[in-house]
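Sequences listed follow chains B and A, in order. Mapping of the first sequence onto this note's numbering: position 85 corresponds to residue 85, and the numbering continues sequentially without gaps. Mapping of the second sequence onto this note's numbering: position 91 corresponds to residue 91, and the numbering continues sequentially without gaps.
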Amino acid sequence: MDEMKPVEMKPVEMESVDTNMDEFEVKLREQMRRVDAPARLQSRVMVRIREQERARASHVRMWSMAIAAALLLTVFAGAGLVLKQRHERQQAELARQQFEVAMRVTARSMSNVQRAIERAERKAEVGQ
Amino acid sequence: MQWNTQQFEALVGQHQRMVFSIALRVVGEHGTAEEVAQDVFVELHRSMDKIESEEHTVYWLRRVAVHRATDALRRRRVRPEATADEWEEHTSAPKGPRLYRKGSIETAVERLMLSIPESLRGALVLRYQEDLEPEEIAKVLGQTVPSVKSNLHRGLTLLRRKADVMLKEFARG
Chain B
1 MDEMKPVEMK PVEMESVDTN MDEFEVKLRE QMRRVDAPAR LQSRVMVRIR
51 EQERARASHV RMWSMAIAAA LLLTVFAGAG LVLKQRHERQ QAELARQQFE
101 VAMRVTARSM SNVQRAIERA ERKAEVGQ
Chain A
1 MQWNTQQFEA LVGQHQRMVF SIALRVVGEH GTAEEVAQDV FVELHRSMDK
51 IESEEHTVYW LRRVAVHRAT DALRRRRVRP EATADEWEEH TSAPKGPRLY
101 RKGSIETAVE RLMLSIPESL RGALVLRYQE DLEPEEIAKV LGQTVPSVKS
151 NLHRGLTLLR RKADVMLKEF ARG
């Protein structure tokens, strides 16, 4: 962080009168010197700035909490979604396996039936 | 520029006379001028990341002080703006509240300042209080140099005429 250096103020020199100014302007400049600020100005400014910083910090904290809560909700919702999808995948896999078993049973049954028919046909041919 | 609280407090202490004086001569009332000065410094604190140098700080403070003081004056109508024509009709001393210590060295010039249109005050304050050249005033106020010169000329003419009237009133007793 840069160190703050004293600002070189342009002095309002009353003695070094601009030659372009007439007497009225010179008097005007003399009477328009800077006046002292109220003694409390600096402290009031700093109070307001500290209040502003506190308010900003509180605002940041509130937003941080809101963001954290939103993130947590997102994580929970995401986890729920993942679990649901996994459950659905498991269900689908189970159904697929059951279907395969059923198909195998059916195929075996069909095969048995086919063999029975063939045997019956052969017997019939022998009987003739 | 990066500032910590102590540095900023020192900065306020350094420039509070300038900012308060600009605000006071534009709005013409201590309470409002102090509020304006506070607002200017609070705004500076919020804008510190845009401040590039110490000279920029002074330029920024002068610019914002004049603008915020003019805004406050318009908002509160501490003293309604008088046109040059209206002003000529009002040759007596301003009838506004007494804003300064009676008999203080500022009284006469402050009363004169309050008698001129608010649109001319900023340029006059920057010229005679802050000792800026018209080119610098134009930069601070965001106006053209001819416009600033015209405002200074008009303001000075009004002040001269008003001062003459006050002097004559004083001579008459």
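Think of the CB as a built atom: it goes at the ideal place given N, C-alpha and C, for glycine as much as any other residue.
Check: In chain order, what residues of the same chain have a beta carbon less than 8 Å from the beta carbon of alanine 84 of chain A, not counting five sequence neighbours either side?; Outcome: Residue placement at alanine 84 of chain A cannot be trusted, given a pLDDT of 47 that sits under 50; the coordinates are not used to answer.
Check: Please confirm whether proline 38 of chain B has its beta-carbon closer than 7 Å to some beta-carbon of chain A.; Outcome: yes
Check: Roughly how many angstroms lie between the CA atoms of leucine 73 of chain A and methionine 113 of chain A, to the nearest whole one?; Outcome: 13 Å
Check: Using a Cβ-Cβ cutoff of less than 8 Å, which residues in the same chain neighbour phenylalanine 20 of chain A once the five nearest sequence positions on both sides are dropped?; Outcome: Ala33, Glu34, Ala37
Check: Excluding sequence positions up to five away, which residues of its chain have a Cβ less than 7 Å from the Cβ of glycine 122 of chain A?; Outcome: Val26, Val66, Thr70, Leu141
Check: Using a Cβ cut-off of 7 Å (strictly closer), state whether arginine 161 of chain A contacts chain B.; Outcome: no
Check: According to DSSP, is tryptophan 3 of chain A part of a helix, a strand, or is it coil?; Outcome: coil
Check: For the alpha helix (DSSP H) that contains threonine 70 of chain A, what are its first and last residues?; Outcome: 54-76
Check: Closer than 9 Å, Cβ to Cβ, to anything on chain A: give me those residues from the segment 64-80 of chain B, in chain order.; Outcome: none
Check: At a Cβ threshold of 7 Å, is valine 45 of chain B touching chain A?; Outcome: yes
Check: What did DSSP end up calling glutamate 29 of chain A once you bin it into helix, strand or coil?; Outcome: coil
Check: Would you mind stating whether valine 35 of chain B and valine 12 of chain A have Cβ atoms separated by less than 7 Å?; Outcome: no
Check: Could you tell me which chain B residues have their CB closer than 9 Å to the CB of valine 42 of chain A, listed as they occur along the chain?; Outcome: Val45, Arg48, Ile49, Gln52
Check: Go ahead and label isoleucine 67 of chain B buried or exposed: buried means 16 or more other beta carbons lie within 10 angstroms of its beta carbon, across all protein chains shown.; Outcome: exposed
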